[in-house]
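Q: Have a look at this one before I ask anything.
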Amino acid sequence: MALVKYNNNSISSVTALGSLPAGGLNLITTNTITSGVSSSSFTSNINSTYDTYMFKFINIHPASDSFTLFQVNFNDGSSDLSKTTTAFRTFHTEAGGSPSVAYQTGDDLANSTAYQILSVNQGNGNDESLSGELYLFSPSSTTFVKHFICQTMGYQLNNAANGYNIAGYVNSTSAVTDVIFKFDNGNIDSGIIKMYGLSKSWA
14 MALVKYNNNS ISSVTALGSL PAGGLNLITT NTITSGVSSS SFTSNINSTY DTYMFKFINI
74 HPASDSFTLF QVNFNDGSSD LSKTTTAFRT FHTEAGGSPS VAYQTGDDLA NSTAYQILSV
134 NQGNGNDESL SGELYLFSPS STTFVKHFIC QTMGYQLNNA ANGYNIAGYV NSTSAVTDVI
194 FKFDNGNIDS GIIKMYGLSK SWA
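When we follow the numbering used here, the leftmost residue of the sequence shown carries the number 14, and every step to the right adds one.
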C-alpha cells in the first residue's frame, strides 16, 4: 500500500486528501436463515473476481441437541471435492472444569470427499449458537490445490466454550464453485452466513 504523506505543519491544516485505497472487504451474498433448512449453500459468484473469499457465520443455531456437528463441503458444480485437513480443539466449561487444547484425530480428513467438521456438540438451547469465519483461497485456480482455514466458537450443549481451528486444502485442480454448510443431524434452525470477496490489491 502506498504511503500517503502530507507536508502541512499540522493535520488541522490539511485541505485535501490524496488518493486513498478502496476498501478490501466486499459483501457479495447474505444467507439469512429464519426457519429450518437442511443446508445453506453458496452456488454463484465464486469465481476469479477475488483471490480470497471469506464466509462469516453468525449465531448459527441448530434444531437438534444431539451432539450436532457443523460442517462444510466444497463442490465443482457437479461433485464434492477431496480434502486433506487438520483440526484442533480448545475447551472449557462454565464451571471452570476440563480446560484443554487437543488435536482432533477423528475430525481431520485424508483425501476425502466427506464434509469437514467445523464445530462439534453444538447445543440448541435458546441462548446457544456458534459463530466463526472461513477463508477460501484462489477457488478458481485450475493449477493449484485450494487452501482454506476456519475458526469457530460454539456454546456446547453441556454449557462449555468449544473452539475449533481447522485448516487444509481441496485436493483438486478443478475450480471450486459451490460452498455448502450444514449440520450432520437436523436442520439449521436460524442464523446468518455472509460471503465476502477480498480485493486483490489495496494499492
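Every residue, glycine too, gets a C-beta built ideally from N, C-alpha and C.
Among N198, K207, K213, I162, which residue has its Cα nearest to the Cα of K96?
A: Checked all of N198, K207, K213, I162; the closest Cα to K96 is I162.
Q: For a minimum of 3 consecutive residues, which ranges assigned as the beta strand (DSSP E) are wholly contained in the region 139–177?
A: Runs of the beta strand (DSSP E) inside the region 139–177: 143–150, 159–169.
Q: On the three-pair Cβ rule with 8 angstroms, is the region 101–115 touching the region 139–150?
A: No, because fewer than three Cβ pairs between the region 101–115 and the region 139–150 fall closer than 8 angstroms, the two stretches do not touch.
Q: Give the DSSP-derived three-state secondary structure of T118 in the structure shown.
A: DSSP places T118 in helix when its eight states are reduced to three.
Q: Looking at the structure shown, is I73 part of a helix, part of a strand, or coil, going by DSSP?
A: Here I73 sits in strand by DSSP.
Q: Enumerate in chain order the residues of its own chain whose CB-to-CB distance from S52 is below 6 angstroms, with the five nearest sequence positions on each side excluded.
A: Only I193, K195 meet the Cβ criterion.
Q: Within a Cβ cutoff of 7 angstroms, which residues of the same chain sit near G167, ignoring the five residues on either side of it in sequence?
A: Once the five neighbours on either side are set aside, the close Cβ partners of G167 are S132, Q135, L143, N175.
Q: Going by beta carbon distance, what residues of the same chain come within less than 6 angstroms of E107, once the five residues before and after it are set aside?
A: Only N172 meet the Cβ criterion.
Q: Rounding to the nearest angstrom, what Cα-Cα distance links A123 and G37 in this structure?
A: Looking at the two C-alpha atoms, the distance is approximately 33 angstroms.
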